[in-house]
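Chemist: To start, I am sharing the structure in question, which I have written as structure tokens.
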Amino acid sequence: MTALTRTIVLWCPDWPITAAVRARSLAADAPIALIDRGVVFACSATARREGVRRGQRLRDAQVRCPEIVVLPYEAALDSRAFEPVIEVIEQTMPGVQLVRPGMCAMRAQGPARYYGGEEEAALWLLDALGELGIHGSRVGVADGPFTAEHAARSTKRARITIVPEGTAAEFLAPMPLRVLGEATLATLLLRLGIGTLGEFSRLDSLDVEARFGGQGARLHALASGLDSQPVIPRVPPEELDGVIAFEPALDRVDQVAFGFRASADRFIQRLVAAGLVCTSIRIEIDSESGDISERSWLHPHSFTAADVVDRLRWQLQGSGTSDSGLSSGVTRVRVVPESVDAIGNHEQGLWGTGHDERIHHGLSRVQSMLGHGGVLTTAVGGGRTLRDREKLIPWGDREPAGKSATQPWPGQLPAPAPGTVFEAPLPAAVFAADDSAVDVDDRGILSAVPSRFSADNRTILPISAWAGPWPIAERWWDADTSRTANRFQVVDETGTAWLLVLEDHLWWAEARYD
Amino acid sequence: MSAAIDIFECMFEYGAMPPAAATLESPAPSGERVRELQARIRQMQATRLDTRIIPTHPALASLLPGGGLKEGATYSIDHSATLLMALLAGPSAAGSWCGVVGVPEFGVEAAQRFGIDLERLVLVPHPGDQWLGVTAAIADVLGVVVTRPPRRANDSSVSRLTARLRQRGATLIVLGPWPQSEAMLSLSESSWSGMGQGHGHLSARQVTVTVSSRVGRPRSARMWLPDPQGQFREVETVPYLQEAAG
């Protein structure tokens, strides 16, 4: 049998709530519930006092506590918020294993010797967390991570629970079987008249193995306080972020971009030194007014320092021009690599990758003149109207998933497609032979034969051929995107054909076949 | 052995041979004919020695001066998106990248159906005041560039852009008039088929495409833009009808 590892487990109760409170700067005592798939995933102490519980439906939680703040649960936020906690712990004692966000395990031997006792070490740990503003966390010290975790979770008032060496079995004995986290086994054992870990551990280990297999034997060892799991410390990830703070705050885009240039260089150099290239970054910009602007940027190849500065400039600009001022001064810029790849996969061939690379540089230059959305590639998507079917994708971005063009889309226009699709439909007017306006009634019947039309409010052109109305009634169940219209194709006397749309008794020219 | 000597003789003879055209030409050609011939000579004499022709749609190639779109040349189109797409289809199908600057209403779906590869199509819908700079930057990297000047460009910037196009070997297609264009393409007598008074739908169109170049007489041809299958091709004239007519 392998030796048991004395383990310290640190547990921050309600970590998802703590993370949400810290990320959204909410009041610590507000009633908060995090909802995951319609049920309460975690709730704050205040909410719990009102009767909100884990696993409750959202509606039930709102009935018990009407003023509850409901937020969606984000697993990524938990991990991100726990990162600084781990860093602080690593400064106090090395070799931290992250069990899950909100809980981590350390080997007890080293810290106990350094700080002079396990309790002393645990106190130092709690102090370090207290400095970070995290209160109410608990520490358990025992043989093996399983026992230590349950020591930390013990309901005693003291925040530090130490289970002396060799007494793990006695400590665990009164606990119910469900702490093993194996529902089927627990039910079966209950039917056999075994209700606690102590009773389970009194069974013969060979019998348990014969009846329940390897998994059962492992749980039996846990229940007997013989948790042989070692603590595997994490390797602290390298710090690759590029951060720069501006004091005083800068309020012009070009100043910020210029000030960030050196940081961007260092950011890329650090990545290269680590043997990595970056294909996606996240830029966070803090402003004086307290706003944080966050956005992810992709790159078809890999980011260079100039590309990073460009992305920062575009993010600051929004829709403005490069020399426009900002609404509030920028105090801090942080760039985080979101996805990295080994540099070997992105090395250029011996003769360069030639053509494609050159095009990318040229188009990126135009993007730096006009902004990220200034240079577009296109694709044809699904839909019935011409604008729906046109997908415009900024150069360098991935094509967003959308409706597929290969589906039938009944009601779409017959081929050929018009060569000119107006950006915004032009107001038009269609007249019958007796100068009355042409309209379509609720039953889809045309009021008169169209004989003349105007698409520019100046010239009236006679219609030489026409077809329609082709009704389109889309998404009637959704008030925001529903659309009811009638389409017409008309040919004017010069031989140019038009696509006219009648919507809400108003005529529009949507496209021209020229 | 004697065959080889014959070849040598022919080689040396060739330089001294009088041009066949001069001997066969009628002694007193009319002024009109002379001008036309001179124009044809000028047309054949390229301004540069190594003007290369990029792949062009066969329907349009025969109309264009030189038998196709030239590298480094500028063409202008008078108000027709379909004609523009017909010009782009050839180079795009052959693997060229195409850039469209300042044409926000460019119909993407039509472009795809007419054979332009959307993977190699780049749109810059709103270049604003920087259209000339953007056009030049795009022409640096892409093979065919389409632009629509929002206003008349001054002569110096036009010649700078022309020099750049020639250096890079890019072809520029301008929507609207352009001072130094190789040829001007326009449409006339457009007639749609497939639609009547309240029935049917647009299916095909016949148009007369006219190409007027700086030199020579304008050439025109009747074309399907597009035909019922969505292709571009020349309208076949039925031979016996021609015989009957002339």
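Protein chains in written order, with my numbering: chain H, 84 to 597; chain X, 71 to 316.
Even for Gly, the Cβ is constructed at its ideal location relative to N, Cα and C.
Because the structure is a prediction, the values reported are computed rather than measured.
#1: Inspect the beta-carbon positions of residue 232 (chain X) and residue 250 (chain X) and report whether they are closer than 8 Å.
#2: In whole angstroms, give me the CA-to-CA distance for residue 166 (chain H) and residue 117 (chain H).
#3: Would you call the stretch 441–451 of chain H and the stretch 196–214 of chain X touching, i.e. three or more CB-CB distances under 8 Å?
#4: So the alpha helix (DSSP H) residue 339 (chain H) belongs to, where does it begin and stop?
#5: Check the Cβ-Cβ distances between residue 127 (chain X) and every residue of chain H, and say whether any is below 8 Å.
#6: Assign residue 273 (chain H) to buried or exposed, taking buried as 16 or more other Cβ atoms, counted over all protein chains shown, within 10 Å of its Cβ.
#7: Looking at C-alpha atoms only, which residue of X:304, X:303, X:294 and X:241 is the closest neighbour of residue 166 (chain X)?
#8: For the alpha helix (DSSP H) containing residue 205 (chain H), list its first residue and its last residue.
#9: I'd like to check one pair, residue 516 (chain H) with residue 581 (chain H): are the Cβ atoms closer than 8 Å?
#10: Over the uninterrupted alpha helix (DSSP H) stretch that includes residue 362 (chain H), give me the two end residues.
#11: Are the stretch 541–554 of chain H and the stretch 257–275 of chain X touching by the rule of at least three beta carbon pairs closer than 8 Å?
#12: Residue 360 (chain H) and residue 277 (chain H) - do their beta-carbons sit closer together than 8 Å?
#13: In or out: residue 95 (chain X) buried (at least 16 other Cβ within 10 Å) or exposed?
#14: Quick check on residue 183 (chain X) - is its C-beta less than 8 Å from some C-beta in chain H?
#15: Report the CB separation of residue 72 (chain H) from residue 461 (chain H) in whole angstroms; it is logged as a contact under 8 Å.
#16: In three-state DSSP terms, what is residue 194 (chain H)?
#17: Say whether chain X places a C-beta atom closer than 8 Å to the C-beta of residue 514 (chain H).
#18: Using only the alpha-carbon positions, how far apart do residue 200 (chain H) and residue 177 (chain H) sit?
#19: Check each residue of the stretch 460–494 of chain H: if its Cβ is closer than 9 Å to any Cβ of chain X, include it; give the result in chain order.
#20: Which residue comes first and which comes last in the alpha helix (DSSP H) that contains residue 270 (chain H)?
#21: Report the residues of the stretch 445–459 of chain H with a CB closer than 8 Å to any CB of chain X, ordered along the chain.
#22: Distance, Cα to Cα, residue 594 (chain H) vs residue 534 (chain H)?
#23: Do you know whose CA, among H:325, H:105 and H:487, lies nearest residue 353 (chain H)'s CA?
#24: Between H:557, H:292, H:575 and H:142, which has its C-alpha nearest residue 471 (chain H)'s C-alpha?
#25: How far does the alpha helix (DSSP H) with residue 628 (chain H) in it reach, from first residue to last?
#26: Please look up how many angstroms separate the CB atoms of residue 171 (chain X) and residue 204 (chain X), rounded, as I've assumed it's under 8 Å.
#27: Considering only the alpha carbon of each residue, which of H:102, H:110, H:494 and H:570 lies closest to residue 466 (chain H)?
#28: Using a threshold of 8 Å, state whether the C-beta atoms of residue 192 (chain H) and residue 316 (chain H) are closer than that.
#29: With a threshold of 16 other CB atoms inside 10 Å of the CB of residue 508 (chain H), please say whether the residue is buried or exposed.
#30: Tell me, please, which residues DSSP counts as bridged to residue 211 (chain X).
#31: Whose Cβ in chain X lies nearer than 8 Å to the Cβ of residue 497 (chain H)?
#32: Report buried or exposed for residue 518 (chain H), applying the criterion of at least 16 other Cβ atoms within 10 angstroms of its Cβ.
#33: Determine the chain X residues that contact residue 505 (chain H) at a beta-carbon separation under 7 Å, and present them in chain order.
#34: In the DSSP assignment, the beta strand (DSSP E) including residue 271 (chain X) goes from what residue to what residue?
#35: Say whether chain X places a C-beta atom closer than 8 Å to the C-beta of residue 528 (chain H).
#36: Who are the neighbours of residue 212 (chain X) on chain H, taking C-beta pairs under 8 Å?
Modeler: Quick look at the numbers:
#1: In this structure, residue 232 (chain X) lies near residue 250 (chain X), with their beta-carbon atoms less than 8 Å apart.
#2: Cα to Cα, residue 166 (chain H) sits roughly 20 Å from residue 117 (chain H).
#3: At 8 Å Cβ cutoff, the stretches touch.
#4: 336–356 is the extent of the alpha helix (DSSP H) around residue 339 (chain H).
#5: It does not; no Cβ of chain H falls within 8 Å.
#6: Around the C-beta of residue 273 (chain H), fewer than 16 other C-beta atoms lie within 10 Å, and the residue is accordingly described as exposed.
#7: Closest by alpha carbon: X:241.
#8: It spans 201–214 - the alpha helix (DSSP H) in which residue 205 (chain H) sits, taken as one unbroken run.
#9: Using a Cβ distance threshold of 8 Å, residue 581 (chain H) and residue 516 (chain H) do not count as a contacting pair.
#10: Run containing residue 362 (chain H): none in the alpha helix (DSSP H); it sits in the beta strand (DSSP E), 359–370.
#11: Here the stretch 541–554 of chain H makes contact with the stretch 257–275 of chain X; the two share three or more CB pairs at distances below 8 Å.
#12: Between residue 277 (chain H) and residue 360 (chain H), the CB-CB gap reaches or exceeds 8 Å.
#13: Because residue 95 (chain X) carries a pLDDT of 45, less than 50, the predicted location of this residue cannot be relied on, and the following value inherits that uncertainty. Answer is exposed; the Cβ neighbour count stays below 16.
#14: Yes, residue 183 (chain X) lies at the interface with chain H (some Cβ there is under 8 Å from its Cβ).
#15: Examination of residue 72 (chain H) is not possible in this model, given that chain H is present from 84 through 597 alone.
#16: Three-state result, residue 194 (chain H): helix.
#17: Not an interface residue.
#18: Straight-line Cα distance between these residues: approximately 16 Å.
#19: Residues passing the 9 Å Cβ filter: 460, 461, 462, 463, 469, 472, 473, 474, 475, 478 and 488.
#20: Where residue 270 (chain H) is concerned, the enclosing alpha helix (DSSP H) stretches over 266–274.
#21: Those residues of the stretch 445–459 of chain H that come within reach of chain X (Cβ to Cβ, closer than 8 Å) are 445, 446, 448, 449, 452, 453, 457, 458 and 459.
#22: In a straight line, the C-alpha of residue 594 (chain H) is about 19 Å away from that of residue 534 (chain H).
#23: Comparing Cα positions, the closest option is H:325.
#24: Per the Cα distances, H:557.
#25: Beyond the ends of chain H as shown, which are 84 and 597, falls residue 628 (chain H); an answer cannot be given.
#26: Their Cβ separation, rounded to whole angstroms, is 6 Å, which keeps residue 171 (chain X) and residue 204 (chain X) in contact under 8 Å.
#27: Residue H:494 is the option with its Cα nearest to residue 466 (chain H).
#28: No, these two residues do not count as a Cβ contact at 8 Å.
#29: Buried, because 16 or more other Cβ atoms sit within 10 Å of the Cβ of residue 508 (chain H).
#30: DSSP output for residue 211 (chain X) lists no bridge partner at all.
#31: Think of a sphere of 8 Å around the beta carbon of residue 497 (chain H): the chain X residues whose beta carbon falls inside it are 271, 272 and 273, in chain order.
#32: Around the C-beta of residue 518 (chain H), fewer than 16 other C-beta atoms lie within 10 Å, and the residue is accordingly described as exposed.
#33: Chain-ordered, the chain X residues with CB closer than 7 Å to the CB of residue 505 (chain H) read 175.
#34: Start and end: 270–283.
#35: Interface annotation, residue 528 (chain H): not in contact with chain X, CB-CB separation never under 8 Å.
#36: Correct list: 442 and 445.
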